[in-house]
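Working notes for the structure below.
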Amino acid sequence: MSKVTILHNPRCSKSRQTLALLEDKGITAEVIEYLKEPLTAEQLTVLKFKLGLDSFLAMMRTKEAEFAEAGLSKTTSTEEQLLDAIVQYPKLLERPVVITEQAARIGRPPEQVLDLF
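Here it is in structure tokens:
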């Protein structure tokens, strides 16, 4: 099996559930606490591609206070502004995210990540 990584926030119940689901299926994942080890703009761009998304907005937690603090808008912010905001405010990245060499899935609901395997 290829390398599996989970972008994890241990304070998030969905993130904990997704990690437990992987473990229950015998899948060992490298755990990256992305709030402690934020992703670079390049890593986020690759992640967007692996998720199959057209916009960074689709991988953002738009209800977080940081979204408004960054002056972002769901309708008028550019991709560059959205990317810069995730780099500056890692909390804006939707969680959890399970990544393989070929693809990635957001674990909402947690079972959604199983289609990677």
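Numbering (the numbering used here), first residue to last: 7 to 123.
Note that CB positions come from ideal geometry on N, CA and C, so glycine has one too.
- The closest CA to that of residue 113, considering only 97, 46 and 19, is found on 19.
- Under the three-state reduction of DSSP output, residue 13 falls in the strand class.
- The beta carbons of residue 92 and residue 66 sit closer together than 9 Å.
- DSSP, read as helix, strand or coil, puts residue 38 in strand.
- Pairing residue 122 with residue 104 gives a Cβ-Cβ distance under 9 Å.
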